[in-house]
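Engineer: Provided herewith is a single structure, encoded as structure tokens, for subsequent inquiry.
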Amino acid sequence: MKILCVWKTSLKKFSMHKRFLSLGALLGMIAVSLGAFGAHGLKQIVSPGDVSVFQTGVQYQMYHTLALMLVGIVYDRLPNKWIVLAGYLFSLGVLFFSGSLYLITAL
């Protein structure tokens, strides 16, 4: 029975570790794509001030992405609930901080 508990704990740890790294990789890919769009395609659509706001959103997203991937690496070595909370908060940070700047640019 103890082996089963250790296996479940190990599986849960691996899943959370993989989840943060995968989400970080996906958000990083999106940030790079949006950055390229902002540098090349957005200039014809919006004002230079809006391009600056958009680029700030891309920078915030990249910072949060790097932090989220760091959380995944740290969680693999030191699993605890506070690290998981940090990962969730960094994920929400991308949504709220970067998302709001993208929305401001779109409006």
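In the working numbering, the protein residues as written are 27 to 133.
All C-beta atoms in this analysis are idealised placements derived from N, C-alpha and C, irrespective of residue type, glycine included.
(1) Quick check on the DSSP output: the alpha helix (DSSP H) that includes I99 runs from which residue to which?
(2) What separation, rounded to the nearest whole angstrom, lies between the Cα atoms of G125 and L133?
(3) For G61, which residues of its own chain have a beta-carbon under 6 Å away from its beta-carbon, when the five flanking residues on both sides are left out?
(4) Could you tell me the boundaries of the alpha helix (DSSP H) in which G113 lies?
(5) How many Å lie between L127 and D76 at the Cα?
(6) If L94 and S59 are in contact, beta carbons under 8 Å, what's the gap, nearest whole angstrom?
(7) Quick check on the burial criterion: 16 or more other C-beta atoms within 10 angstroms. Buried or exposed for A65?
(8) Pull up the distance between the alpha-carbon of G119 and that of H90, whole angstroms please.
(9) Assign M88 to buried or exposed, taking buried as 16 or more other Cβ atoms, counted over all protein chains shown, within 10 Å of its Cβ.
Structural biologist: This is what the structure holds:
(1) Position 73 of the sequence shown, counting from 1, holds the residue named residue 99. That run of the alpha helix (DSSP H) goes P74 to R103.
(2) On the sequence shown, position 99 is the one that residue 125 refers to. On the sequence shown, position 107 is the one that residue 133 refers to. Cα to Cα, the separation comes out at about 12 Å.
(3) Reading the sequence shown from its first residue, position 35 is the one you call residue 61. Only V84 meet the Cβ criterion.
(4) Taking the first residue of the sequence shown as position 1, residue 113 is located at position 87. K107 to G119 is the extent of the alpha helix (DSSP H) around G113.
(5) The count along the sequence shown starts at 1 and reaches residue 127 at position 101. The count along the sequence shown starts at 1 and reaches residue 76 at position 50. One C-alpha to the other measures close to 9 Å.
(6) Reading the sequence shown from its first residue, position 68 is the one you call residue 94. Reading the sequence shown from its first residue, position 33 is the one you call residue 59. A Cβ-Cβ distance of about 17 Å is found for the pair L94 and S59, leaving them out of contact under the 8 Å criterion.
(7) Stepping through the sequence shown from its first residue, residue 65 is reached at position 39. A65 comes out exposed.
(8) Within the sequence shown, residue 119 is the residue found at index 93, counting from 1. Within the sequence shown, residue 90 is the residue found at index 64, counting from 1. One C-alpha to the other measures close to 7 Å.
(9) By one-based count along the sequence shown, residue 88 stands at place 62. M88 comes out buried.
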